[in-house]
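S.K.: This is the structure I want to talk about, given as structure tokens.
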Ligand code: RIB
Ligand code: CA
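Numbering (our numbering), first residue to last: 161 to 448.
Take a look at the structure:
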């Protein structure tokens, strides 16, 4: 029996968060213990309902989902009013849970994967969190994806991003630059759609997300940044990292700073193998 890694996901589903959540449910070496949400692609309570709907789809409705604080979010353009670009899923099978997300996340001792703005992550650290490992999707060394040039997650809460990177946790950081190296093109989406019923179900959402990235960034596919933050734990052999020291400014933009604490920046992905692997994992989820 392969040892399983206890993980918690802090996310804002969100189209690419949805892919990451499905992979976290499918990977046999990952033991998803907790999902918390943060206001980003949609208000945290909407993201929590989306997380419950996705866990129902994955057959893991027992995983606890706690909503972070509802905050005003930028106009819901990229991920749609519902946060999932109209993904055809039934309402959640269970009601919202009431416990405080940051407090419960602070008590978790395993690996935390942050897929949204770092508001809840920073709040958990302020409550004394001591995690085994932190993986963060956020920031950009090159071009960002917001008007200011920053990456979205870091732009929504720059102070939280700066605090988390300055905390000396040596996080693994998946920047937006990596997502540009592994776009979910129509050919990739077709592979996922052919993998199994779940792949078929999410394909239209992913195609709509790819259309957003074509319109806003002139890209031939979708930047599914969050997927890599889970995939690097499932298949570390598909990724390469380098040590880096990054500081975050008041707009959320990153710059290399020799005075900043060290982190592990993800700089390379075997894109073709990653998507073939994800399709295989979706197939396993459908068989489960
Ligand atoms: O910039 C990419 C990040 O912002 C991802 O987490 C995606 O979900 C979007 O919200
Ligand atoms: Ca996200």
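Glycine included, C-beta positions come from ideal geometry on N, C-alpha and C.
Predicted model only: the values in this text are computed from it and were never measured.
1) Quick one: Cα of residue 420 to Cα of residue 412, how far?
2) Just mark residue 311 as buried or exposed, buried being the case when its beta carbon has 16 or more other beta carbons within 10 Å.
3) Any idea what DSSP makes of residue 274, helix, strand or coil?
4) Could you tell me how far apart the beta carbons of residue 199 and residue 233 are, in whole angstroms, since I believe they sit closer than 8 Å?
5) Can you tell which of 405, 423, 207 has its C-alpha closest to the C-alpha of residue 417?
6) Using 10 angstroms around the beta-carbon of residue 219, count the other beta-carbons present and answer buried if the total reaches 16, otherwise exposed.
7) Tell me whether residue 275 counts as near ligand 2, meaning its Cβ is closer than 6 Å to at least one heavy atom of that ligand.
8) Run the CB neighbour count on residue 281, radius 10 Å, all protein chains shown included, and call it buried at 16 or more, exposed below.
9) Determine whether the Cβ of residue 382 lies closer than 7 Å to any Cβ atom of chain C.
10) Within 10 angstroms of the Cβ of residue 258, are there 16 or more other Cβ atoms? Answer buried if so, exposed if not.
11) Please determine, among 430, 352, 296, the residue with the shortest C-alpha to C-alpha distance to residue 423.
12) Comparing alpha-carbon positions, which option in 273, 365, 205 lies nearest residue 389?
13) Is the segment 166-174 close to the segment 203-214, with three or more CB pairs under 8 Å?
14) Buried or exposed: where does residue 307 fall if 16 or more other Cβ atoms within 10 Å of its Cβ makes it buried?
15) At the level of alpha carbons, what is the spacing between residue 289 and residue 182?
16) Which of the three DSSP states is assigned to residue 340 in this structure?
17) If you draw a straight line from the C-alpha of residue 345 to the C-alpha of residue 300, how long is it?
18) Report the three-state DSSP secondary structure of residue 347 (helix, strand or coil).
19) Verify the contact flag: residue 337, CB atom, against every heavy atom of ligand 1, threshold strictly below 6 Å.
20) For residue 455, list the residues DSSP reports as bridge partners.
21) If you reduce the DSSP assignment to three classes, tell me which class residue 379 lands in.
22) Excluding the 5 residues flanking residue 240 on each side, which residues of the same chain have their C-beta closer than 7 Å to its C-beta?
23) Pull the bridge partners of residue 197 from the DSSP assignment, please.
M.R.: Reading from the atomic positions:
1) Reading the chain shown from its first residue, position 260 is the one you call residue 420. Reading the chain shown from its first residue, position 252 is the one you call residue 412. Answer to the nearest angstrom: the Cα atoms are 15 Å apart.
2) Counting from one through the chain shown, the residue named residue 311 turns up at place 151. By the neighbour-count rule (16 or more Cβ atoms within 10 Å), residue 311 is buried.
3) Position 114 of the chain shown holds residue 274. Looking at residue 274 - three-state DSSP - the assignment turns out to be strand.
4) Indexing the chain shown from 1 puts residue 199 at position 39. Indexing the chain shown from 1 puts residue 233 at position 73. Confirmed, about 5 Å.
5) Here residue 417 corresponds to residue number 257 of the chain shown, with the count starting at 1. The residue with the shortest Cα to Cα distance from residue 417 is 405.
6) Looking up residue 219 in the chain shown gives position 59. Residue 219 comes out exposed.
7) Translated into the one-based positions of the chain shown, residue 275 becomes position 115. Residue 275: yes, Cβ under 6 Å from ligand 2.
8) Residue numbering aside, residue 281 sits at position 121 when the chain shown is read from its first letter. It counts as buried.
9) Structure shown: chain C not included; a single protein chain is present.
10) Here residue 258 refers to the residue found at position 98 when the chain shown is read from its first residue. Per the 10 Å Cβ criterion, exposed.
11) Residue mapping note: residue 423 aligns to position 263 of the chain shown, counting from 1. Measuring from the Cα of residue 423, the nearest candidate turns out to be 296.
12) As a position in the chain shown, residue 389 is number 229, starting the count at 1. When only C-alpha atoms are compared, the closest one is 273.
13) yes
14) In the chain shown, residue 307 corresponds to position 147, counting from 1. The residue in question, residue 307, is exposed, as its Cβ has fewer than 16 Cβ neighbours within 10 Å.
15) Locating residue 289 in the chain shown gives position 129, where the first residue counts as 1. Locating residue 182 in the chain shown gives position 22, where the first residue counts as 1. In this structure, the alpha-carbon of residue 289 lies about 26 Å from that of residue 182.
16) For the purposes of this step, residue 340 is taken as the residue at position 180 of the chain shown. Residue 340 falls in the helix class under three-state DSSP.
17) Along the chain shown, one-based indexing puts residue 345 at 185. Along the chain shown, one-based indexing puts residue 300 at 140. The straight-line gap from Cα to Cα measures roughly 21 Å.
18) For the purposes of this step, residue 347 is identified with residue 187 of the chain shown, where counting begins at 1. It is helical.
19) Sequence index remark: in the chain shown, residue 337 carries index 177 (1-based). Every heavy atom of ligand 1 is 6 Å or more from the Cβ of residue 337, so no.
20) This structure gives no information on residue 455, because the portion of the chain shown stretches from 161 to 448.
21) The residue labelled residue 379 in the question sits at position 219 within the chain shown. DSSP places residue 379 in coil when its eight states are reduced to three.
22) Here residue 240 refers to the residue found at position 80 of the chain shown. Around residue 240, the same chain offers 246 as residues with beta carbons nearer than 7 Å, after the five sequence neighbours per side are excluded.
23) Here residue 197 refers to the residue found at position 37 when the chain shown is read from its first residue. Its beta-bridge partners are 171, 227.
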